[in-house]
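Residues 1 to 464 in my numbering are what the sequence shown spells out, letter by letter.
No residue lacks a Cβ here, since even glycine has one placed at the ideal position from N, Cα and C.
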Amino acid sequence: MRATLEAGGKEARAQLPLLLACSFAASFAQSMMNIALPQVADEFGVTLSTANWLVTGYMVVAATSIALAAFLLRRLGLRTVFFIGCGALALGSGLALFAPNFWVLLAGRLVQAVCTGLFYSAVTSFIMANSDPARRGTHLALNSGTVAAGLAVSPVVSGLVLTGFGRHALFALPLALAVLLLAVGFFRLREVGPRGTGAVDPLSVVLGLGALVYGLGEVFRDPLPSLAVLAAGVAVLGLFAWRQLVLKDPLLNLRPLGNLGFAVGELLVMLGMMASFSLSILLPLYYEGALGFSAFLAGALLAGPVLANALSDVVGGRLLDRWGIWPLVPCGFALTALGLAVVALAAGRPLLALVVLASAVAYVGLGLVVAPSKTTALSQLPPSLYAHASSINSAFIQIASAIGSSLFVGVLSADVLAGTSRGLAKAAAYDEGFAHTMEIAIGIAVASLLVSLVYAYRLRRRKG
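Quick look at the structure:
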């Protein structure tokens, strides 16, 4: 009988704290530049949309490395994947630390992103393979809470370092984390499962990365790309998906998406992450651009709501184990829509406390959405597909985050340029652009609520 994290799995239990630390490091590195985009744009003389490549390009590479994670875990094992991830974090951070221009800085961020992709997928796969089904929601929620804690700490620490020491010093933090993880992992991390076989298909890597860069690259330049460009991007993605279905050893096994329960659950996760990024990217831009706050103060104002998200992640996992997805996820989306609506109404008025409180409500709602939807989606599948389904889940999260980031920042950047060209003050232009992006985010949250109502109700009827 397979040992689990709850009983008999001493080796597995010993690995969990270290792997959760990996999740924290990955999320810290992922979100550390969110607070720095205005400073980067000013320092290098680029537009806000171009500076956002430091965030969106990161997501593209993370999604692609996630696609490799299932293969690497099968072929090389957890310990080797851990060292590859830590090495990428150290190398990318070192490169960005001494970057003399924007493009070297971007290269460092893209190397860092390999760490996030590998760690997110590896930790989720480990938990799915080593958790008792009755406690799986709690363990996945603990991991989600750890990720959310990294997202909460990152803007505060990054804002403090950026304000006090400048942009270069930011990257000393993930570099130190990488060295510490390497040292601890060398002595503590052990393999806890068998290795497999398989061969990576280089053409799949090229098609996957090419499709993501091509499709999202147009969004970087234009938030509403032409139908022809969108059609071409969809065609390339379709070719990539077709290859994965016909290959004997696919880079990313897409067959779990044939399960409707898994596919719709993943859609809810993606929609939740898009709403999450509408806040984690846009709120610092609003605080700094419209209100004139420092990077540290902007990060501090964001930290409380994101910590609320981390706590609600853990609570959501426990509620899922006890009651199931109904009415947990629909209530989460309802809270998110309500919070976003209040943020939109309060922004541009002397109601800063209400903006912070309403964003916390939205983040709490997202905590009740993402981890429970993810757990429910993965639980629709047999254990043999957990590794591939975990990679799909992690890749989709990065893709949704990249789309959300490029869409919202693209709209905001375009509105700021249009507003200033009409003679508006920069702060007023930021106000106008922020209101526009909040309208889009509210629409996404409401659509998500409708989908989640149908999904959760049908799953409840099937079980009842």
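Buried or exposed (CB count within 10 angstroms, at least 16 for buried), residue 49
Counted from its first residue, the sequence shown places residue 49 at position 49. Residue 49 should be labelled buried.
Backbone CA spacing between residue 239 and residue 246 [nearest angstrom]
Within the sequence shown, residue 239 is the residue found at index 239, counting from 1. Within the sequence shown, residue 246 is the residue found at index 246, counting from 1. Whole-angstrom Cα-Cα distance: 11 Å.
With a cut-off of 8 Å, do at least 3 Cβ pairs link the segment 22-34 to the segment 115-132?
yes
Closest to residue 90 by CA distance: which of 183, 420, 125 and 427 is it?
On the sequence shown, position 90 is the one that residue 90 refers to. Ranking the options by Cα distance to residue 90, first place goes to 183.
Does DSSP classify residue 248 as helix, strand or coil?
As a first step, residue 248 is located in the sequence shown; it is residue number 248 there, counting from the start. Residue state, collapsed to three classes: coil.
Mapping DSSP to helix, strand and coil, what is residue 405?
By 1-based counting over the sequence shown, the position of residue 405 is 405. Three-state result, residue 405: helix.
Quick check on residue 374: buried or exposed, where buried means 16 or more other Cβ atoms within 10 Å of its Cβ?
Translated into positions along the sequence shown, residue 374 becomes position 374. Residue 374 comes out buried.
Do you know offhand how far residue 320's Cα is from residue 88's?
Sequence index remark: in the sequence shown, residue 320 carries index 320 (1-based). Sequence index remark: in the sequence shown, residue 88 carries index 88 (1-based). Taking the straight line joining both Cα atoms gives about 35 Å.
Which two residues bound the contiguous alpha helix (DSSP H) that contains residue 179?
Sequence index remark: in the sequence shown, residue 179 carries index 179 (1-based). 172-188 is the extent of the alpha helix (DSSP H) around residue 179.
Would you check if the segment 152-166 and the segment 89-106 touch, i.e. whether three or more CB-CB distances between them fall below 8 Å?
no
What residues in its chain sit with their C-beta under 8 Å from that of residue 298, if we drop five residues either side in the sequence?
In the sequence shown, residue 298 corresponds to position 298, counting from 1. Excluding residues within five positions, the ones whose Cβ falls inside 8 Å are 35, 155, 159, 283, 284, 287 and 288.
Classify residue 316: buried if its beta carbon has 16 or more other beta carbons within 10 angstroms, exposed otherwise.
Counting from 1 along the sequence shown, the entry for residue 316 is found at position 316. So residue 316 ends up on the buried side.
Assigned exposure category for residue 314 - 16 Cβ within 10 Å defines buried:
As a position in the sequence shown, residue 314 is number 314, starting the count at 1. Buried, by the Cβ-count rule.
Does the segment 337-348 come into contact with the segment 360-371, if we say contact requires no fewer than three beta-carbon pairs (one atom in each stretch) closer than 8 Å?
yes
Use the C-beta contact count for residue 185: other C-beta atoms within 10 angstroms, 16 or more gives buried, fewer gives exposed.
Reading the sequence shown from its first residue, position 185 is the one you call residue 185. By the neighbour-count rule (16 or more Cβ atoms within 10 Å), residue 185 is buried.
Outcome for residue 42 when other beta-carbon atoms lying within 10 angstroms are tallied against a minimum of 16
Start at 1 with the first residue of the sequence shown, and residue 42 comes out as number 42. Exposed, by the Cβ-count rule.
Counting only the same chain and skipping the five closest in sequence on each side, list residues whose C-beta sits under 7 Å from that of residue 409.
Within the sequence shown, residue 409 is the residue found at index 409, counting from 1. Answer for residue 409: 48, 49, 52 and 281, listed in chain order.
Please name the residue in 267, 355, 189 and 270 whose C-alpha comes closest to that of residue 14.
Residue mapping note: residue 14 aligns to position 14 of the sequence shown, counting from 1. Of the listed residues, the one whose Cα sits closest to residue 14 is 189.
Assigned secondary structure, residue 52 (DSSP; H/G/I helix, E/B strand, else coil):
Along the sequence shown, read from residue 1 onward, the residue named residue 52 stands at position 52. Of the three classes helix, strand and coil, the one that applies to residue 52 here is coil, per DSSP.
Where the alpha helix (DSSP H) through residue 270 begins and ends
Taking the first residue of the sequence shown as position 1, residue 270 is located at position 270. Element bounds for residue 270: 260-289.
Here's the rule: buried if 16 or more other CB atoms are within 10 angstroms of the residue's CB, otherwise exposed. What is residue 322?
One-based indexing of the sequence shown puts residue 322 at position 322. Its Cβ having fewer than 16 others within 10 Å, residue 322 is exposed.
Short of 8 Å in beta carbon distance, which residues of its chain neighbour residue 123, apart from the five on each side in sequence? Order them along the chain.
Position 123 of the sequence shown, counted from the start, is the residue given in the question as residue 123. So the qualifying residues of the chain are 19, 20, 22, 23 and 143.
Are the beta-carbon atoms belonging to residue 332 and residue 368 less than 8 Å from one another?
Sequence index remark: in the sequence shown, residue 332 carries index 332 (1-based). Sequence index remark: in the sequence shown, residue 368 carries index 368 (1-based). Their beta carbons are under 8 Å apart, which means residue 332 touches residue 368 by this criterion.
On the DSSP letters alone, give me the boundaries of the alpha helix (DSSP H) that residue 128 sits inside.
For this step, residue 128 is matched to residue 128 along the sequence shown. Per DSSP, residue 128 belongs to the alpha helix (DSSP H) from 102-130.
Rounded to the nearest angstrom, how far is the Cβ of residue 356 from that of residue 305, given a contact under 8 Å?
Within the sequence shown, the letter at position 356 stands for residue 356. Within the sequence shown, the letter at position 305 stands for residue 305. With 8 Å as the limit, residue 356 and residue 305 qualify as a contact, their Cβ atoms being about 7 Å apart.
From 445, 415, 67 and 458, pick the residue whose C-alpha is nearest to that of residue 278; which is it?
Sequence index remark: in the sequence shown, residue 278 carries index 278 (1-based). If we check each option's Cα against that of residue 278, 445 comes out closest.
On the CB-based measure, 16 or more other CB atoms within 10 Å of its CB, does residue 266 come out buried or exposed?
Counting from one through the sequence shown, the residue named residue 266 turns up at place 266. By the 10 Å Cβ count, residue 266 comes out buried.
In the DSSP assignment, find the alpha helix (DSSP H) that holds residue 325 and state where it starts and stops.
Working through the sequence shown from its first residue, we reach residue 325 at position 325. Residue 325 -> no alpha helix (DSSP H), and no H or E assigned at all.
Does the distance from the C-beta atom of residue 327 to that of residue 456 stay below 8 Å?
One-based indexing of the sequence shown puts residue 327 at position 327. One-based indexing of the sequence shown puts residue 456 at position 456. Their beta carbons are under 8 Å apart, which means residue 327 touches residue 456 by this criterion.
How should residue 17 be labelled, buried or exposed, when 16 other C-beta atoms within 10 angstroms of its C-beta is the threshold for buried?
Counting from one through the sequence shown, the residue named residue 17 turns up at place 17. Its Cβ having fewer than 16 others within 10 Å, residue 17 is exposed.
Taking 8 Å as the cut-off, decide whether the C-beta atoms of residue 433 and residue 416 are in contact.
For the purposes of this step, residue 433 is identified with residue 433 of the sequence shown, where counting begins at 1. For the purposes of this step, residue 416 is identified with residue 416 of the sequence shown, where counting begins at 1. Yes, Cβ-Cβ distance for residue 433 and residue 416 is below 8 Å.
DSSP-derived helix/strand/coil call for residue 369
As a first step, residue 369 is located in the sequence shown; it is residue number 369 there, counting from the start. Coil, per DSSP.
If residue 499 sits next to residue 170, beta carbons under 8 Å apart, how far is it from one beta carbon to the other, in whole angstroms?
Nothing can be reported for residue 499: it is not among the residues displayed for the chain, which extend from 1 to 464.
Selected residue, minimal CA-CA separation from residue 128, among 400, 461 and 379:
As a working mapping, residue 128 is identified with position 128 in the sequence shown. Selected option, being the one with the closest Cα: 379.
Taking the beta carbon of residue 447 as the centre, do at least 16 other beta carbons fall within 10 Å, making it buried, or is it exposed?
One-based indexing of the sequence shown puts residue 447 at position 447. Classification for residue 447: exposed.
Helix, strand or coil, according to DSSP, for residue 46 in the structure here?
For the purposes of this step, residue 46 is identified with residue 46 of the sequence shown, where counting begins at 1. Coil.
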